[in-house]
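To start, the structure itself, in structure tokens.
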DNA sequence: GTCTATAGTGGGATAGAC
DNA sequence: GTCTATCCCACTATAGAC
């Protein structure tokens, strides 16, 4: 039995609203209204609007960082590493569905310190992903395309998964993983 | 010699700022400051902040709609249609680079009438794209994957091209078209 | 066409009663 | 832990002088 605190409730509701309208367009009054309370009462549970955003974003960023470490430490081919990263990305997206929009768009509104922490993590993740692709190319596991283009194509698809999954998706997780990997790795023809 | 009006100048600067912080986080003061003027003066050229957003978004939406018509009217295979759509998407992205962020994220802040117009166009575009994919699958030009997943994978990559192109890109257009098509159609292995 | 001044609204956040 | 009341500030937009 997992009990959910008021603070978690606030963050959850806020994430939903951020997803719909973006961080800046959501007011503390909006968040409070969805919880049938007044804006002032929110401040008994959180310190600021920005804190909500920071919790949301940094939690997921940490999950990605952890995942990348696991993958790097496993001794498998570059191709298998990429497959693993794709599957992991799907898992994290499904688990933190509500936070993904903030992660993609609203991180710019973090306070400097939190923003720096996030950007460092994100850049490190991308760099490590790029290295795996480069190694794969040099070992002839991947086609000799620009690594940046491969990285970009995979990441932009995965980073928007949350948009699509709620609208059409609801594919069973394993089917989703399988087909997504197939499309990203082997193409569509 | 193309002369640029003050109105166009305002829209251009606004687009840049919207891209950085999102529509809601950009104030008329911000826009004015970048043009060395006062916010009040903007209103001699535009009627409202929302008008700027509407011009930006609806112009690009129209370009996509036109492009889709051209493709539909050409008598080529489904595969060639998809290739054409990808190339077109790249061209439009490069031409309207500054508007792409608003198109992806800020359309929610359009007034109802403009928002409806946009959503209709976008949905029609996606529906037509989906039909092309479905036909391609039924003719064995594409693998028998979920059409939604193929559509999503292609579109999310293309819709984020603007993010990547400014950061790393600057590939020559034809190289970009060629490699992007290769990745999206044939995969990376 | 740009300015100053300002109206009118709504934002984040705090104080203090209950 | 929630409320009312309120502070102070920033926002969009308008009026009217130059």
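Residue numbers (the numbering used here), protein chains in the order written: chain A, 1238 to 1426; chain B, 1238 to 1426.
Cβ coordinates follow ideal geometry from the N, Cα and C atoms, glycine included.
In the pairwise beta carbon analysis, the segment 1338-1350 of chain A is classified as not touching the segment 1372-1386 of chain B: fewer than three pairs are separated by under 8 Å. Flagged as an interface residue toward chain B: residue 1420(A), by a C-beta distance shorter than 8 Å. Look at the beta carbons and you see the segment 1394-1408 of chain A not touching the segment 1305-1313 of chain A: under three pairs across the two are nearer than 8 Å. Between the alpha carbons of residue 1284(A) and residue 1344(A) lies a distance of about 18 Å.
Cβ proximity to chain B below 8 Å picks out nothing from the segment 1278-1294 of chain A. Within the same chain, and ignoring the five residues on either side of residue 1391(A) in sequence, the residues whose Cβ sits closer than 6 Å to its Cβ are 1421.
Counting along the chain, residue 1387(B) sits inside the alpha helix (DSSP H) bounded by residues 1384-1396. Contact between the segment 1281-1298 of chain B and the segment 1240-1248 of chain B is present: 3 or more CB-CB pairs across the two stretches fall below 8 Å. Residue 1328(B) has its alpha-carbon roughly 33 Å from the corresponding atom of residue 1376(A). Here residue 1240(A) is exposed. Its C-beta has fewer than 16 other C-beta atoms within 10 Å. Its Cα nearest to that of residue 1364(B), the residue 1301(B) stands out among 1301(B), 1346(B), 1269(B), 1349(B).
For the 8 Å CB-CB criterion, residue 1346(A) and residue 1290(A) form a contact.
Around the beta carbon of residue 1314(A), fewer than 16 other beta carbons sit within 10 angstroms, so the residue counts as exposed.
One finds nothing in chain A with a Cβ atom closer than 8 Å to the Cβ of residue 1344(B); even the nearest lies about 11 Å away. In the three-state DSSP reduction, residue 1273(B) falls in the coil class, being neither helix nor strand. Around the beta carbon of residue 1353(A), a 10 Å sphere encloses fewer than 16 other beta carbons of the protein chains shown; the residue is thus reported as exposed.
For residue 1313(B), there is no enclosing alpha helix (DSSP H), as DSSP gives it neither H nor E. Within 8 Å of the CB of residue 1426(B), the CB atoms of chain A belong to 1316, 1378, 1379, 1380, 1422, 1423, in sequence order along the chain. Rounded to whole angstroms, the separation of the alpha carbons of residue 1254(A) and residue 1335(A) is 9 Å. Against chain B, the CB of residue 1361(A) has no partner CB under 8 Å away; the residue lies outside that interface. For residue 1408(B), a Cβ of chain A is located within less than 8 Å of the residue's own Cβ. Under the Cβ distance rule, residue 1333(A) does not count among the residues neighbouring chain B, no pair being separated by less than 8 Å. Using a CB distance cut-off of 8 Å, residue 1386(A) counts as an interface residue toward chain B. For residue 1418(B), the uninterrupted alpha helix (DSSP H) run begins and ends at 1410-1423, by DSSP. Residue 1416(A) has a beta carbon lying within less than 8 Å of a beta carbon in chain B. 1387, 1389, 1390, 1393, 1394, 1397: these are the residues of the segment 1387-1400 of chain A whose beta carbon lies less than 7 Å from some beta carbon of chain B, given in chain order.
Any Cβ of chain B closer than 8 Å to the Cβ of residue 1326(A) would place that residue at the interface, and such an atom is absent.
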